[in-house]
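J.:
In my numbering, the protein residues as written are 6 to 299.
Spelled out as structure tokens, the structure:
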């Protein structure tokens, strides 16, 4: 079953109806989530499109390839005070319903949010089990991702509904690593927030440097949001990043570690979701963006 971005349920009359409706809607939206992340939790947050313009678009990358993307922006934009742009970088699972919802959450806060499909040349991961996703993602060059994100900003500016002089970025898991890399790539970036992105890793021709190795090149203030119980990102790698930033004389970045959270603690559609820490992290992210001009 396909559910369009504008098709949302009205307010429930009581708790019983709320539970029933959430079950129905979660079931309907399952088709919008990547196969590898199912089953989807009944606690999945669903942000409506009231007061927004949202949907799928395409823009051309630097190589001329059309890149699909989901965007969300307030329906009414003051031409004298256009929204800042927020790049929302996908998890390893691609731009599925959770990433789209995050875009809508930013639009509700007054931003122009855009999430490009960054594996479009290498292949779709939406219908793949986890073991088939890694080979696809491994073929995605970091340099290509950087230019696609640049093109996404240019698209936002071309709509006349965004202020491309104020750009922020956030990303999750795979996208969390990309946040650090983009902060080293784009000197005009105002701010970023990296959710549990890998900080170290073996170099290869397509992914030549890790965030830790790029610490000296990071000019924008980045807020790192990590979980102490993350089995894939050990605490020593977080301390290594802190040390690299300190050695580089970078005092703009900050890394927060939530003691009770594991990997994916912001992902409300997964068992790893930690509501308290996810909400706290998002609140701190919004304050961080505003503090730094985004």
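Built from N, CA and C at the ideal position, the CB exists for glycine as well. Just so we're clear, the structure is a prediction, and the values are computed from it rather than from any experiment.
(1) Whose CA, out of 168, 263, 144, lies closest to the CA of residue 213?
(2) Please list the terminal residues of the continuous alpha helix (DSSP H) segment that includes residue 242.
(3) For residue 226 versus residue 249, is the C-beta distance shorter than 8 Å?
(4) Just the Cα atoms here: how many angstroms apart are residue 253 and residue 54?
(5) Consult DSSP for residue 145 and reduce its assignment to one of helix, strand or coil.
(6) Put residue 286 into one of helix, strand or coil per three-state DSSP.
(7) Grab me the residues of residue 228's own chain with a C-beta within less than 6 Å of its C-beta, minus the 5 sequence neighbours each way, in chain order.
(8) Is the distance from the Cβ of residue 87 to the Cβ of residue 168 below 8 Å?
(9) Decide if the region 199 to 219 is in contact with the region 116 to 128; the criterion is three or more beta carbon pairs, one per stretch, under 8 Å apart.
(10) Could you check the C-alpha separation between residue 287 and residue 218 for me, to the nearest Å?
(11) I think residue 117 touches residue 78, with their Cβ atoms under 8 Å apart; what is that distance to the nearest whole Å?
(12) Leaving out the 5 sequence neighbours to the left and right, which residues in its chain are closer than 7 Å to residue 71 when beta-carbon positions are compared?
T.: Straight from the coordinates:
(1) Residue 213 sits at position 208 when you count from the first residue of the chain shown. Comparing Cα-Cα distances from residue 213 to each of 168, 263, 144, the minimum goes to 144.
(2) Against the chain shown, residue 242 aligns to sequence position 237. Per DSSP, residue 242 belongs to the alpha helix (DSSP H) from 240 to 252.
(3) As a working mapping, residue 226 is identified with position 221 in the chain shown. As a working mapping, residue 249 is identified with position 244 in the chain shown. For residue 226 and residue 249, no; Cβs fall outside 8 Å.
(4) Working through the chain shown from its first residue, we reach residue 253 at position 248. Working through the chain shown from its first residue, we reach residue 54 at position 49. Answer to the nearest angstrom: the Cα atoms are 43 Å apart.
(5) Within the chain shown, the letter at position 140 stands for residue 145. Coil.
(6) As a position in the chain shown, residue 286 is number 281, starting the count at 1. Of the three classes helix, strand and coil, the one that applies to residue 286 here is helix, per DSSP.
(7) Here residue 228 refers to the residue found at position 223 of the chain shown. Within the same chain, residue 228 has close Cβ partners 198, 259, 293.
(8) The sequence position of residue 87 within the chain shown is 82, counting from 1. The sequence position of residue 168 within the chain shown is 163, counting from 1. It is a contact, given that the beta carbons lie within the stated cut-off.
(9) no
(10) Along the chain shown, read from residue 1 onward, the residue named residue 287 stands at position 282. Along the chain shown, read from residue 1 onward, the residue named residue 218 stands at position 213. Cα-Cα distance, rounded: 27 Å.
(11) The residue given as residue 117 occupies position 112 in the chain shown. The residue given as residue 78 occupies position 73 in the chain shown. Yes, residue 117 and residue 78 are in contact; Cβ-Cβ is about 4 Å, under 8 Å.
(12) Stepping through the chain shown from its first residue, residue 71 is reached at position 66. So the qualifying residues of the chain are 63, 65.
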